[in-house]
Structure formats: structure tokens, C-alpha cells
Amino acid sequence: MSMLKLTTAAFAVALAAGVALPAQAEDSVYIQLPTYRTGPYAGSGIPIANGMHDYLTMLNERDGGINGVKINVDECETGYDTQKGVECYEQAKAKGTLVFNPWSTGITLQVIPKASVDKIPVLSMAYGLSAASQGDVFPWVFNPPMTYWDGASGIIKYIGEQEGGLDKLKGKKIGYIFLDAGYGREAIPLLEDLSKEYGFEMLQYPVAGKEMQNQSSQWLNVRRDKPDYMVMWGWGAMSPTAVKEATKIRYPMDKFIGVWWSGGEDDARAGGAAAKGYKTLNFNSVGPDKPALQDIKKLVVDAGKSQVDPAKFGENLYNRGVMNAVIMAEAIRVAQDKSGKTVINSEDMRVGLENLSIDAARLEAIGLPEFFSPMQISCKDHSGHTKMYVQEWDGENWKQVSDWFEPMSDKVEPLLAAAAEEYKTSNAPWPARAEACAN
Amino acid sequence: MFYRESGQYKTTYESDQAIFPIREDRIGIAIIMAMALITPFIASEFILASIMIPFLILALGTIGLNVLTGYAGQLSLGTGAFMGAGAYACYKLATIFPDINIVVLILLSGVFSAGVGILFGLPSLRIKGLYLAVTTLAAQFFLEWCFIRIPWLYNYNASGAIEVPERRGFGDLILTGPSATATTRYYVVLAIVVVVTLVVKNLVRGRIGRQWMMIRDMDIAAELMGVRPLWAKLSAFAVSSYLAGVAGAMFVFFYLGAAEPSSFGISLSFQVLFMAILGGLGSLVGSFFGAAFIWILPIALRVGLPAVGVDVGAEIIFQIAQMAVGALIIFFLIAEPHGLARLWAIGKEKLRVWPFPYA
Chain A
674 MSMLKLTTAA FAVALAAGVA LPAQAEDSVY IQLPTYRTGP YAGSGIPIAN
724 GMHDYLTMLN ERDGGINGVK INVDECETGY DTQKGVECYE QAKAKGTLVF
774 NPWSTGITLQ VIPKASVDKI PVLSMAYGLS AASQGDVFPW VFNPPMTYWD
824 GASGIIKYIG EQEGGLDKLK GKKIGYIFLD AGYGREAIPL LEDLSKEYGF
874 EMLQYPVAGK EMQNQSSQWL NVRRDKPDYM VMWGWGAMSP TAVKEATKIR
924 YPMDKFIGVW WSGGEDDARA GGAAAKGYKT LNFNSVGPDK PALQDIKKLV
974 VDAGKSQVDP AKFGENLYNR GVMNAVIMAE AIRVAQDKSG KTVINSEDMR
1024 VGLENLSIDA ARLEAIGLPE FFSPMQISCK DHSGHTKMYV QEWDGENWKQ
1074 VSDWFEPMSD KVEPLLAAAA EEYKTSNAPW PARAEACAN
Chain B
2 MFYRESGQYK TTYESDQAIF PIREDRIGIA IIMAMALITP FIASEFILAS
52 IMIPFLILAL GTIGLNVLTG YAGQLSLGTG AFMGAGAYAC YKLATIFPDI
102 NIVVLILLSG VFSAGVGILF GLPSLRIKGL YLAVTTLAAQ FFLEWCFIRI
152 PWLYNYNASG AIEVPERRGF GDLILTGPSA TATTRYYVVL AIVVVVTLVV
202 KNLVRGRIGR QWMMIRDMDI AAELMGVRPL WAKLSAFAVS SYLAGVAGAM
252 FVFFYLGAAE PSSFGISLSF QVLFMAILGG LGSLVGSFFG AAFIWILPIA
302 LRVGLPAVGV DVGAEIIFQI AQMAVGALII FFLIAEPHGL ARLWAIGKEK
352 LRVWPFPYA
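Listed below in C-alpha cells is the structure:
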């Protein structure tokens, strides 16, 4: 048994050295990006990872970082696996990350209780726990620009508009096909609530993570039930498979609406020409034309510092990754401003995120005009509940087919407050907010 | 020269039957225990939280599987689910009885997984080998289905995950929950694992353990000699599932902090099975070797390679680590099909006669 101990001791020494080595250089901050470029979710994870990485690299290359402070970035491969995600979190904590972006609802749920103890803000951009938007209960968790419940209400609102009014939903059947994990289940409470309110029938089609590349049984049921609309909460390999299966049973694609995470170009491409008409929500613009994206192209992609396939530069999920990096970068700026320091720590970063405000003028100034809807995060509201739009696949590209519209905040807001309260009681003793509101 | 038992006379039955009859072994185990106790003072939090705690817990899970597969010869692919049964039982107990010490609840939650194990062990009375493996696979899928589909098990949480509540004990020490320090959790885990391992060691070298091994080696002969297969097999399932359940409960309460059903998927079952096979079936020390190999090596590679200047993407490191571990498993099993424990035993034999090649 002592051999075992020797080896562990040797590993321990090596690891202690390994963790300690990348010491903080002068005037730099560190952000770990948990990503997944392997496994069944890599199809969605790769463009996101590239987008985040490339925008931050571009800032370093073009401006020498933010106000002269370089951003050290490294990636930690989670494979969308919760255990590995927790390991990445521990590693990020040891290396002093400013902020943690779990990029998985499962990992988000795991790190939410740890965040307030370790004083590391969690930025779960439009995923994770919807109730985390309640800043007074979750001071360390942020989910701008919108929560899942905003998204679910947005889809129902859009369907209502198509039908000529929300009252016309009565008696309709709306199918909900979702990844049977924390992510897909997150939207169910709100959809159930709305189904009671508007009198539509909600049919659930769970897809287990293991079976997401084989959904024929679920779509067989869809064919039998003939729902008027299909709503999808898919990610990774689930989305392209669902689109393919939907075209196979000749489901009317214009009645098939995905959440923003099911809106990758590759997801829609899988259905071939028949996927034309497939719709998803979105909250960022698609395409490589914005000036800042052109800077990324010039300084990062063309310089060979990115892993992105040049043909896929500027696609939807890539831009989503860029947006996540923009939120981090802008929050660093606010944090520097608020704390008066240039090299901030994770507690300053929390203040930065909480006081984050990106208006249209600011977007213009950073070279991303109308890249997303202006957002304002506050002490109470950690999400912002901004606007979304619906896009449609035309066989080659995403086309915006609706105006930017707001979620049904009057329906969502009370539920969020109730859910936060429930989280508090079921996780008692949940620490009361100790952080003062800085604004 | 250093490791030689000559001159150590055993004058009582107790000393002859001791777990560690050789003085050098006792010194060795004392050094290991001392090292384990001082680890929190020299290791970083990352090493404690991400390596040592899960390593000890998985070692206990591997011991559980080893009781069933290594000692009693019943192949099982359901360890992950039995661990999950313990975890969910502990979660329910902890939320129903918030005032009882969590360590008591963890030890108690194993009873529930033992019950589940006995239930799924019933087919073992009629079927053996790979066929039995298939029925334990059914347990794996059925229990995973329960964890997803029975909302009572996770207290109707909207997320479908179980979250570990904060619990105090032993004075006012925070034992579980996000505020519990890695050091506290490590010591609790260490204490449970050491005590339980000691109990299992005495179990396997006693009457029950001998019955298991007789069943494993030849069940018909064992039956003719008076071993009742029903009791022997079911007790193996019960003890094995109990250990797995305790390991699963600790996995959630002292390591993960929250768990989804997918945490107890088939991949965990396989991971534990590989630990048992690579460490050596029918060996307790092998369980620790196997768990160390399968759990620590990939992390060490992932963290260690960038530190020594191998500068490639995180996903490449990830894949290199996986390939390296796979290659090493094949290498070690070719070098010694009976696992690392056998290598360790050979090493000890050689050490006994060292510096002479034979004696």
C-alpha cells in the first residue's frame, strides 16, 4: 500500500507545482473557460468555445487587454459532464478565475451553492437556473440576457401571434421535445403554467441524453399525437437529430420552434432542404459583418490563433460565444471603474456584472451595433429580461422573421420570485445576501 | 534485507491471525495512515477536493464491487445504480431527519441500497456469469429510470437534481454543503473509508468471506460442504450494495455537492468495474490501487501536461489523457492479468529475498 501512497504523494507534489506555476503576471487577469470540444455535445460546444476565446484574444491583440490589463484565458474540457465540470471549477478556483461560465445547466446547478462561499461569480448566459435572476437571493449568479422561462413564454407568445391571439391557443396541442436533463426540464414548470392559463394541451417528449441520436420513438409518438406546434429544448447532437427526424415524418417545419440553443446552423443543416422553415428563438445577430467581428477575423482568425473553421466564422453559435465574452469584457470594464483598480479580483467582477449596462451606444462603440438587445443588470434583476426574435432557416442561412419582442414578464416574474423562494427553503439554511448593492 | 520476517516469532493465536502479521507491514501501514492524516496540511485544496476525496470514495465503491465480483464471483454491472440508491436514500433521510448527524445517515443509507441489492441479487440464485451481468444491467437502467421519473426521490425539485443541504455535527463543525471545508470533508471520508475497510477485511477473512470464496471457486462443491448458496450469494449482494450505497452517499454529500441522475449512469458502473479489474479482483489493497490509477492518472495528466510545457488545446490534453490511460490499462493487464495487487504481491515476494534472486 505504501507504493500507492508514494505515487499519490508524487502526483500531489507535481500537481501542487502545476497549479502554482502559472503565477499571475503583472497586470493581467485570469479567466478559465470551461468548454467542450469532445463528446456528443461538441457540435454545439465548439462554436461557443471558439467565439468566447476569439473575442477575448482579439481584445488582447488589438487593445492589449482591457485598460491595459491583459486577459489570460485557458480552456478546461468538461465534455458537458457534470463531474468534470466540478473538477474544472475547482481548478478555476485554485487559479483565481474572475468568473465561471459553466456552459451546462447541470454544472450550473452544481456550482450555484459554491459560488457564494468561494466568492466566484457564475455567469450562465441564458441557461442554468431561471430563478437565479433574483439578485437578492442569488447575489453571485447571473443569467443575462434572458432566462429559460422568458424563452418559453416568448415561444408561446409567438405561437399565439401566429394563431391570431393567445386566446386562440385554447384546445391546441403543443408538443415539447426536450433533453431529459436539468437543461430540458427547466422550462417545464412555466409551460405547464401557461398551458393551464391559455387552455392548450402540452405533450411532453423527453429524450434521454444517451439516446439523443436516436429519436425515432419520440417522433413516432409525435406523428401519432399530431401536435399543432412542436417546441424543442435541444442541445448538442439532439438538435440536428430532431430536425432530421421531423423532416422524416414530414412534420410541418414552420410549426417547429426551437429555443435559442437549438439554433446552430449545423443543427438546421442536418435536415437538408426539407428543413426549410425550421424556426428558433435568438437574441444575438447572425453573420460576420460587425466591425468587431471583422477585427477578430483580421487579428485572430487570419493570424492562425483561432480553431474556428473560416467557413463557419460568424455563425449563430459562434456569435453567441462572442456575446458571452462581450458580457465578461464589459463587466471587467465596469468593475475596474467601480473598484478604481485595473487588476480586479472576482469580488470586483461580481460588482461589475451587477452594474453592467450595455446600451445601443455602447454596442456601437465596441464595434457591435445591434449585436444584441441593450441590457441592464441590476442588484435585484440579474437577468435583464431583454428582447428576443424568431429566426427561420431558409435552407442556407438564418433569416429574422419577427421583430425583437419582449417575454411575457408579467407571467414569468412572479414565478421566478416563487421559484427563488422555493430554492431558498429547500436548500435551507440558504445564506442571506450579505453583499451591499453598489448602485 | 529491510523487509524480512525472520526472527519475528508468533507466540499467540492473536498475533498469528493478525491482519498484518509482519512487523514491517505494520510500520508501513502506520506510515501510510500518518501520511493520510497530514495530507490536508501539505496538499492544496484542489488536490483534496478533486483528487483525494473522490479517490477514497471510489476506492470504497470498488471494495463494494470487489466483495461481489472478486470474492463471491458474481459479475455486476449495476454498481453505479447501487451507489445512486445510497445517494438518494441519504438525501431523503437528510431532508426528513435534519437533526441527525449526517455520518449516521450515510451509514444508514447503505441499508437501503443493500435492500435494493438483495432484490436484484435474487436472479443470481439461478443464473451465473454473463447472464447475471445482464440482470444487474437491468438494475442499472431501472434505478436510473427511477431517479429521473420518481420526483419524490428528489423532493420535487424543478431541476430534477438533488442538492446537498448544509449539515453540522461533532460540535458545530460544518460537515456538508458548500460551506464545508475540503479538510473537514476529507477527514470524515477518510475515517469512514478506513473503518469500513477494516470491517470488510475482517468479514472476508472470516466465515462469511470464506463462504463467498467457496461459492466463487466452485458452487456445487461449496453446497455439498454445507454452504447455503442462497445466504452466501444474497449476503454478498447485500454487503456489496451496502458499501456501494455508502460510497454513493459520500460521493454526493462530500464530493459533488449536488447530483443529477446521470451522475450514476452506466459509465460510473464501468469505471468502478475497471478499477476493480485493474486493481485486482479479490483484493482490498487492489481496490485502492485501481481507484488511484483510474481516477488520479487522468487528472494528473490533464493538469500535469500543461504544467510541464505541453502547450496544446484543452481538448487535445483531454484526449491524450484518455488514450494514455487506455494504453496503460492494456499494458498493465498484459504485464499482470491479475491486476496491480498481484504486481504488488510479487514485489513483496522479491523484496523478501532481496538482494538474492531466490532463497
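These protein sequence lines map, in sequence, to chains A and B.
Each number in the working numbering comes from the position in the first sequence (counting from 1) with 673 added on.
Each number in the working numbering comes from the position in the second sequence (counting from 1) with 1 added on.
Every residue gets a Cβ at the ideal spot worked out from N, C-alpha and C, and that includes glycine.
- The continuous stretches of beta strand (DSSP E) do not include N1070/A, and DSSP gives it neither H nor E.
- Nearest to R923/A by alpha-carbon distance, out of M903/A, G937/A, D940/A, M911/A, is M903/A.
- Under a 10 Å Cβ-count criterion, K234/B is classified as buried, with 16 or more other Cβ atoms of the shown protein chains found around its own Cβ.
- Here Y14/B is exposed, its C-beta having fewer than 16 other C-beta atoms within 10 Å.
- Per DSSP, V999/A is one residue of the alpha helix (DSSP H) stretching across 989-1012.
- At least 8 angstroms separates the beta-carbon of P1042/A from that of K1097/A.
- Straight across, the Cα-Cα distance linking D754/A with Y714/A is about 10 angstroms.
- In this structure, L191/B sits away from L61/B, with a CB-CB distance that is not shorter than 8 angstroms.
- For D754/A, no beta strand (DSSP E) segment is defined, and its DSSP state is neither H nor E.
- Spatial neighbours of F289/B in its own chain (CB-CB distance under 6 angstroms, excluding positions within 5 residues in sequence) are listed in chain order as A60.
- Counting only runs of 4+ residues, the alpha helix (DSSP H) found wholly inside the segment 120-153 of chain B occupies 130-150, in chain order.
- By the Cβ rule, the segment 139-159 of chain B does not count as touching the segment 760-775 of chain A, because fewer than three pairs are nearer than 8 angstroms.
- One Cα belongs to P794/A, the other to K787/A, and the distance between them is close to 10 angstroms.
- Taking every protein chain shown into account, the CB of I1031/A has 16 or more other CB atoms within 10 angstroms, so this residue is buried.
- Not a single CB atom of chain A sits nearer than 8 angstroms to the CB of I295/B.
- Proximity of chain A to E167/B at the Cβ level (cut-off 7 angstroms) is accounted for by P1102, in chain order.
- For C1052/A, there is no enclosing alpha helix (DSSP H), since its DSSP letter is neither H nor E.
- Near chain A, meaning a CB-to-CB distance below 7 angstroms, the residues of the segment 150-164 of chain B are N156, N158, A159, S160, G161, A162, E164.
- For the segment 753-776 of chain A, the set of residues with a beta-carbon nearer than 7 angstroms to any beta-carbon of chain B comprises T755, Q756, V759, E760, E763, Q764, A767, in chain order.
- For G111/B, same chain residues with a beta-carbon under 6 angstroms away, outside a window of 5 residues either side, are G87, Y243, G246, V247 in chain order.
- Buried is the label assigned to F811/A, since at least 16 other Cβ atoms lie within 10 Å of its Cβ.
- When the alpha-carbon of S77/B is set against those of P262/B, A277/B, E25/B, the nearest one is in A277/B.
- For E750/A, the closest Cβ of chain B is nearer than 8 angstroms.
- In the structure shown, the three-state DSSP call for F773/A is strand.
- Around the beta carbon of M798/A, a 10 Å sphere encloses 16 or more other beta carbons of the protein chains shown; the residue is thus reported as buried.
- The C-beta of M219/B has fewer than 16 other C-beta atoms within 10 Å across all chains shown, which makes the residue exposed.
- When Cβ-Cβ separations below 8 angstroms define contact, L94/B makes no contact with chain A.
- Counting along the chain, no beta strand (DSSP E) covers W345/B; the unbroken alpha helix (DSSP H) around it starts and ends at 341-354.
- Chain-order list of chain B residues neighbouring S1099/A: N156, N158, by C-beta distance under 7 angstroms.
- Judged by DSSP secondary structure, N733/A falls within the alpha helix (DSSP H) whose first and last residues are 715-736.
- Residue pairing of R942/A in beta bridges, as defined by DSSP: absent, with no partner found.
- With contacts defined as CB atoms closer than 8 angstroms, Y1062/A and D1083/A fail to qualify as a contacting pair.
- Within the model, the alpha-carbon separation for M731/A versus A1004/A is close to 17 angstroms.
- Between the C-alpha atoms of G945/A and G314/B there is a straight-line separation of about 32 angstroms.
- Judged by pairs of C-beta atoms under 8 angstroms, the segment 913-931 of chain A touches the segment 888-899 of chain A, as three or more such pairs exist.
- Contact between G758/A and S789/A does not hold, since their C-beta atoms are separated by about 18 angstroms, which reaches or exceeds 8 angstroms.
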